[in-house]
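K.L.:
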Amino acid sequence: KVAIKGIERELICPACKELFTHPLILPCQHNICHKCVKEILFAFEDSFADGGSESSNQSSPRIKISSSSMDRIDRISRSGKKRNSLTPRSTLFPCPGCQRDIDLGERGINGLFRNFTLETIVERYRQAARAAIAIMCDFCKPPPQESTKSCMDCSASYCNECFKVHHPWGTVKAQHEYVGPTTNFRPKILMCPEHEMERVNMYCEICRRPVCHLCKLGGCHANHRVTTMNTAYKTLKEKLSKDIEYLISKESQVKAHISQLDLLLKETECNSERAKEEASQSFEKLYHVLEEKKSAALRAIETSKNLRLEKLQTQVEEYQGLLENNGLVGYAQEVLKETDPSCFVQTAKQLHVRIQKATESLKSFRPAAETTFEDFVVDTAKQEDILGDLSFHSNDLEIPEINEERSRMYNKALISWECPGKTDSADIYVLEYHKLNREEENVTWQKIEVCGKSKVVSDLDDDSSYAFRVRGYKGSICSPWSREVILHTPPAPVFSFLFDDKCGYNNEHLQLNPRRTSVESRAGFPLLLGSERLQVGCYTTLDYIIGDTGIAKGKHFWAFHVEAYSYLVKVGVVPSNKIQKLFHSTHDVTSPRYEQDSGHDSGSEDAFFDSSQPCTLVTLGMKKFFIPTTPAAPKDPASRILPLPSCLGICLDCDRGRVGFYDAGRMKCLYECEVDCSGIMYPAFALMGSAAVHLEEAVTAKYREYHDDI
Numbered sequence: 001k002v003a004i005k006g007i008e009r010e011l012i013c014p015a016c017k018e019l020f021t022h023p024l025i026l027p028c029q030h031n032i033c034h035k036c037v038k039e040i041l042f043a044f045e046d047s048f049a050d051g052g053s054e055s056s057n058q059s060s061p062r063i064k065i066s067s068s069s070m071d072r073i074d075r076i077s078r079s080g081k082k083r084n085s086l087t088p089r090s091t092l093f094p095c096p097g098c099q100r101d102i103d104l105g106e107r108g109i110n111g112l113f114r115n116f117t118l119e120t121i122v123e124r125y126r127q128a129a130r131a132a133i134a135i136m137c138d139f140c141k142p143p144p145q146e147s148t149k150s151c152m153d154c155s156a157s158y159c160n161e162c163f164k165v166h167h168p169w170g171t172v173k174a175q176h177e178y179v180g181p182t183t184n185f186r187p188k189i190l191m192c193p194e195h196e197m198e199r200v201n202m203y204c205e206i207c208r209r210p211v212c213h214l215c216k217l218g219g220c221h222a223n224h225r226v227t228t229m230n231t232a233y234k235t236l237k238e239k240l241s242k243d244i245e246y247l248i249s250k251e252s253q254v255k256a257h258i259s260q261l262d263l264l265l266k267e268t269e270c271n272s273e274r275a276k277e278e279a280s281q282s283f284e285k286l287y288h289v290l291e292e293k294k295s296a297a298l299r300a301i302e303t304s305k306n307l308r309l310e311k312l313q314t315q316v317e318e319y320q321g322l323l324e325n326n327g328l329v330g331y332a333q334e335v336l337k338e339t340d341p342s343c344f345v346q347t348a349k350q351l352h353v354r355i356q357k358a359t360e361s362l363k364s365f366r367p368a369a370e371t372t373f374e375d376f377v378v379d380t381a382k383q384e385d386i387l388g389d390l391s392f393h394s395n396d397l398e399i400p401e402i403n404e405e406r407s408r409m410y411n412k413a414l415i416s417w418e419c420p421g422k423t424d425s426a427d428i429y430v431l432e433y434h435k436l437n438r439e440e441e442n443v444t445w446q447k448i449e450v451c452g453k454s455k456v457v458s459d460l461d462d463d464s465s466y467a468f469r470v471r472g473y474k475g476s477i478c479s480p481w482s483r484e485v486i487l488h489t490p491p492a493p494v495f496s497f498l499f500d501d502k503c504g505y506n507n508e509h510l511q512l513n514p515r516r517t518s519v520e521s522r523a524g525f526p527l528l529l530g531s532e533r534l535q536v537g538c539y540t541t542l543d544y545i546i547g548d549t550g551i552a553k554g555k556h557f558w559a560f561h562v563e564a565y566s567y568l569v570k571v572g573v574v575p576s577n578k579i580q581k582l583f584h585s586t587h588d589v590t591s592p593r594y595e596q597d598s599g600h601d602s603g604s605e606d607a608f609f610d611s612s613q614p615c616t617l618v619t620l621g622m623k624k625f626f627i628p629t630t631p632a633a634p635k636d637p638a639s640r641i642l643p644l645p646s647c648l649g650i651c652l653d654c655d656r657g658r659v660g661f662y663d664a665g666r667m668k669c670l671y672e673c674e675v676d677c678s679g680i681m682y683p684a685f686a687l688m689g690s691a692a693v694h695l696e697e698a699v700t701a702k703y704r705e706y707h708d709d710i
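Read in full-length UniProt numbering, the sequence shown has 287 at position 287, and its numbers run on one by one without any break.
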């Protein structure tokens, strides 16, 4: 007989931290109270409705849901439906024991088995804990007598007299199974949760749960490997017995480990006290340094104050002497009373010099000392930043590095980082960022806590630069900050559109992907047919495609990628009133100056060519960006050819009538020109030969999660 006293830990529900009440077996094989499952599901529904974890904790004070579990709420679909008061609609929640996401399926709680074995052990533990508390008869008239037996078929307790009355000899009830007094009644036959009228008689080895024959024939266990209940009973009991015997045989080893752990507990206590003392000494040193600096600063201010007061007081006394019958003026008045010329001249000469100086100082009055103490302002901004970063540093915690290739700035900022050792040694990361502003002296960093290794940052200002840095935390220990990375936001709000597959779209030459975010031109047989007349000066036609959304006003930005193998691509904008001309123009091809019949290469046709175009486009191809020929462009053709950026952007300002072409990776303008924005403007693209254009994908939270999974 196993002692009940030492197994309390196995009988405690991981959710409510109390003894199990009607425990249910979760798919992960952990147990949880029936009421706790309902409360957790209700708590998650409340968190969906209120959008935070505070409401969920308030709605279910018995259940404490961890922050990591609440973070997974974002990955669960919000149904938007109201729950009734009895049955939760949500079926997905984290197991309180192992934190794995548990999906209860369509049947929800009803699809879980009740753990009657555990329930019996808990009842035995309760009886052992309250041995002095008797179970009373359920049928005695008041006052009830102490029960002597309990009927498992009737689910009731009886004294001897009441049991004889309700179970008379020779009746069916006399055959009922009875045990000692108990409050734990369980059915004699375990029924299938899926098929309530069928008893379980098989065991699914894949799902590790009892099933009935209907589950095996046409249910969700049809293709699973099953065995008979007796076979599973014997196999599992044999395995469990062997494992228990092994553990019992290793009792001395377990006791040795316990002794070692006790020593580690004491050592941990001593080391923690030593660490506290060292930390206190470190902060006491800082306090001492600050007190010394404070005293020195106050002494300097006091000394300067006394010196200034002394100078000002002397100046006050000098000016008081200029008053009538007082000081210098009074003395001069007395000298004027002298009648002897020789004596007067002897005294008045020096006195007249003093009077002149006093007169000059009166005309150009200036205080003898400054009243402000601007030179004594203590700038502690850098020290505050250093103290703000003061924390426990560990050499074992790697410094994360922001991956600039995976990080990008578009409609939002996607910041990704990784550890050099490729190990996730930190529990949580802190991402900080701030806007670069030369006018601001004190930098204020915005802080975000992140559980993963990437984060989408929203609400950034357009046409601005931001600095980002990240550090890892493991408990109270943190790593140093990573190297700061500077990213630039687009010059205008991001404009979203898709390629138009109707207006002028040539499906013989161009190929769109199903999402209409990529277009490709293939150099095949149709191009050869179109180039047949090149020997007599024919034009080779471009294939145009536009965006499905137009711009009427404001400033907008969009970005795209041009494949490196692309032979010729033109990008820009076209007004709505010239779209028809765009798709039927005869001048949308190479300049006639390159015809074999032209006979000259003056370049005079360029003006006619540019002015005749229905849209504003720049040319890309062969990994180059070609600045158009304009009066302001460089005369040297080589200086008009730039390397093709990996990502290009276009900024259209309808209000100013200008369009700019950008290196979207650095947000640097490569070329800008005027454009007629009298109509609705559409993004325009033209391809010839082998070429492909891919629209830049918007940054979303879903995009971040998808790449985190990868």
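Each residue gets a CB set at the ideal place from its N, CA and C atoms; glycine is no exception.
For the segment 363-374 against the segment 337-352, are there 3 or more C-beta pairs whose distance is under 8 Å?
P.N.:
As far as the Cβ criterion goes, the segment 363-374 does not touch the segment 337-352, which means the pair count is below three.
K.L.:
Reducing DSSP to helix, strand and coil, say where histidine 195 ends up.
P.N.:
For the purposes of this step, residue 195 is taken as residue 195 along the sequence shown, with counting starting at 1. Residue state, collapsed to three classes: coil.
K.L.:
For glycine 218, which residues from the same chain have a beta carbon less than 6 Å from its beta carbon, with the 5 sequence-adjacent residues on both sides left out?
P.N.:
Counting from one through the sequence shown, the residue named residue 218 turns up at place 218. Excluding positions up to five away in sequence, the list is empty.
K.L.:
As an exercise, report each continuous beta strand (DSSP E) stretch of at least 3 residues that is fully enclosed by the segment 210-290, in chain order.
P.N.:
Listed in chain order, the complete beta strand (DSSP E) runs (minimum 3 residues) inside the segment 210-290 are 226-228.
K.L.:
Any chance the segment 452-468 sits against the segment 367-381, with 3 or more Cβ pairs inside 8 Å?
P.N.:
Counting Cβ pairs under 8 Å, fewer than three are found: no touch.
K.L.:
In or out: aspartate 663 buried (at least 16 other Cβ within 10 Å) or exposed?
P.N.:
Here residue 663 is taken as the residue at index 663 of the sequence shown, counted from 1. Its Cβ being crowded by 16 or more others within 10 Å, aspartate 663 is buried.
K.L.:
Just list the residues that DSSP pairs methionine 409 with in beta bridges.
P.N.:
Locating residue 409 in the sequence shown gives position 409, counting from the first residue. According to DSSP, which records beta bridges pairwise, methionine 409 is partnered with Ala413.
K.L.:
Among residues of its own chain, excluding the 5 on either side of histidine 288, which ones have a beta-carbon nearer than 6 Å to its beta-carbon?
P.N.:
Sequence index remark: in the sequence shown, residue 288 carries index 288 (1-based). Cβ neighbours of histidine 288 beyond the five flanking positions: none.
K.L.:
Considering only the alpha carbon of each residue, which of Arg208, Ile486 and Thr629 lies closest to isoleucine 25?
P.N.:
Position 25 of the sequence shown holds residue 25. If we check each option's Cα against that of isoleucine 25, Arg208 comes out closest.
K.L.:
So, helix, strand or coil for glutamate 18, using DSSP?
P.N.:
Position 18 of the sequence shown, counted from the first residue, corresponds to residue 18. Three-state result, glutamate 18: coil.
K.L.:
Express the C-alpha separation of alanine 297 and arginine 308 in angstroms, rounding to a whole number.
P.N.:
Along the sequence shown, read from residue 1 onward, the residue named residue 308 stands at position 308. Along the sequence shown, read from residue 1 onward, the residue named residue 297 stands at position 297. Roughly 17 Å between the two C-alpha positions.
K.L.:
Excluding the 5 residues flanking alanine 564 on each side, which residues of the same chain have their C-beta closer than 8 Å to its C-beta?
P.N.:
On the sequence shown, position 564 is the one that residue 564 refers to. Correct list, in chain order: Lys623 and Leu644.
K.L.:
Starting from the Cα of leucine 390, find the closest Cα among Lys412, Tyr473, Glu405 and Glu404 and give me that residue.
P.N.:
Here residue 390 refers to the residue found at position 390 when the sequence shown is read from its first residue. Among Lys412, Tyr473, Glu405 and Glu404, the Cα nearest to that of leucine 390 is on Tyr473.
K.L.:
Enumerate in chain order the residues of its own chain whose CB-to-CB distance from alanine 134 is below 8 Å, with the five nearest sequence positions on each side excluded.
P.N.:
Walking along the sequence shown from the start, residue 134 turns up at place 134. So the list reads Glu146, Ser147 and Pro181, once near-sequence residues are dropped.
K.L.:
Determine the contact status of leucine 397 and serine 416, defining contact as a CB-CB distance below 8 Å.
P.N.:
Against the sequence shown, residue 397 aligns to sequence position 397. Against the sequence shown, residue 416 aligns to sequence position 416. It is not a contact, given that the beta carbons lie outside the stated cut-off.
K.L.:
Say whether the segment 474-491 touches the segment 507-525, bearing in mind that this needs 3 or more beta-carbon pairs closer than 8 Å, one atom from each stretch.
P.N.:
Not touching, per the Cβ criterion.
K.L.:
Once the 5 residues before and after histidine 556 are set aside, which same chain residues still bring their CB inside 7 Å of it?
P.N.:
The count along the sequence shown starts at 1 and reaches residue 556 at position 556. The answer, listed in chain order, is Ala492, Pro493, Phe495 and Leu652.
K.L.:
Identify the continuous beta strand (DSSP E) that holds asparagine 31 and give its terminal residues.
P.N.:
Against the sequence shown, residue 31 aligns to sequence position 31. It spans 31-33 - the beta strand (DSSP E) in which asparagine 31 sits, taken as one unbroken run.
K.L.:
Glutamate 672: which of Val699, Thr630 and Gly679 sits nearest, CA to CA?
P.N.:
Counting from 1 along the sequence shown, the entry for residue 672 is found at position 672. Nearest of Val699, Thr630 and Gly679 to glutamate 672, Cα basis: Thr630.
K.L.:
Can you tell me which residues form a DSSP beta bridge with isoleucine 641?
P.N.:
Mapped onto the sequence shown, residue 641 falls at position 641. Per DSSP, Phe626.
K.L.:
So, with DSSP's three-state summary, where would you put cysteine 647?
P.N.:
Position 647 of the sequence shown holds residue 647. Cysteine 647: coil per DSSP, three-state reduction.
K.L.:
Verify whether the separation of the beta carbon atoms of residue 722 and valine 456 is less than 8 Å.
P.N.:
Since the first and last residues shown for the chain are 1 and 710, residue 722 lies out of range.
K.L.:
Tell me the DSSP secondary structure of glutamate 401 in three-state form.
P.N.:
On the sequence shown, residue 401 is found 401 positions in, with the first residue counted as 1. Glutamate 401: strand per DSSP, three-state reduction.
K.L.:
Would asparagine 31 and asparagine 110 be called neighbours here (beta carbons separated by less than 8 Å)?
P.N.:
Position 31 of the sequence shown, counted from the start, is the residue given in the question as residue 31. Position 110 of the sequence shown, counted from the start, is the residue given in the question as residue 110. No, the pair does not count as a contact, with Cβ atoms beyond the cut-off.
K.L.:
Ordered along the chain, which non-local residues of its own chain (more than five positions away) have a Cβ less than 6 Å from that of methionine 191?
P.N.:
Within the sequence shown, the letter at position 191 stands for residue 191. Cβ within range, chain order: Arg199.
K.L.:
Report yes if the CB atom of alanine 686 is closer than 8 Å to the CB atom of leucine 617, and no otherwise.
P.N.:
As a first step, residue 686 must be located in the sequence shown, where it is residue number 686. As a first step, residue 617 must be located in the sequence shown, where it is residue number 617. In this structure, leucine 617 lies closer than 8 Å to alanine 686 by Cβ.
K.L.:
Count the other CB atoms within 10 Å of the CB of alanine 413; is the residue buried (16 or more) or exposed (fewer)?
P.N.:
Along the sequence shown, one-based indexing puts residue 413 at 413. The residue is buried, with at least 16 neighbouring Cβ atoms inside 10 Å.
K.L.:
What does the Cβ neighbour count give for glutamate 18, buried or exposed, with the cut at 16 atoms within 10 Å?
P.N.:
For the purposes of this step, residue 18 is taken as the residue at position 18 of the sequence shown. That one is exposed.
K.L.:
Taking its Cβ as the centre, do 16 or more other Cβ atoms sit within 10 Å of isoleucine 102, making it buried, or is it exposed?
P.N.:
Residue 102 sits at position 102 when you count from the first residue of the sequence shown. By the neighbour-count rule (16 or more Cβ atoms within 10 Å), isoleucine 102 is buried.
K.L.:
In terms of alpha-carbon separation, which member of Cys16, Arg124 and Cys151 lies closest to glutamate 39?
P.N.:
Residue numbering aside, residue 39 sits at position 39 when the sequence shown is read from its first letter. Checked all of Cys16, Arg124 and Cys151; the closest Cα to glutamate 39 is Cys16.
K.L.:
List the DSSP bridge partners of threonine 619.
P.N.:
Counting from one through the sequence shown, the residue named residue 619 turns up at place 619. Lys570 and Phe626.
K.L.:
For the beta strand (DSSP E) that contains proline 683, what are its first and last residues?
P.N.:
Numbered from its first residue, the sequence shown carries residue 683 at position 683. That run of the beta strand (DSSP E) goes 681-688.
K.L.:
What does DSSP give as the partner residues of cysteine 669 in its beta bridges?
P.N.:
Residue 669 sits at position 669 when you count from the first residue of the sequence shown. Answer is Tyr662, bridged to cysteine 669.
K.L.:
Assuming glutamate 449 is part of the beta strand (DSSP E), what are its boundary residues?
P.N.:
The sequence position of residue 449 within the sequence shown is 449, counting from 1. Residues 446-450.
K.L.:
Short check: CB of isoleucine 477 to CB of proline 683, under 8 Å?
P.N.:
For the purposes of this step, residue 477 is taken as residue 477 along the sequence shown, with counting starting at 1. For the purposes of this step, residue 683 is taken as residue 683 along the sequence shown, with counting starting at 1. No.
K.L.:
Could you give the distance in angstroms between the alpha-carbon of glycine 327 and the alpha-carbon of valine 443?
P.N.:
Translated into positions along the sequence shown, residue 327 becomes position 327. Translated into positions along the sequence shown, residue 443 becomes position 443. Going from the Cα of glycine 327 to the Cα of valine 443 covers about 57 Å.
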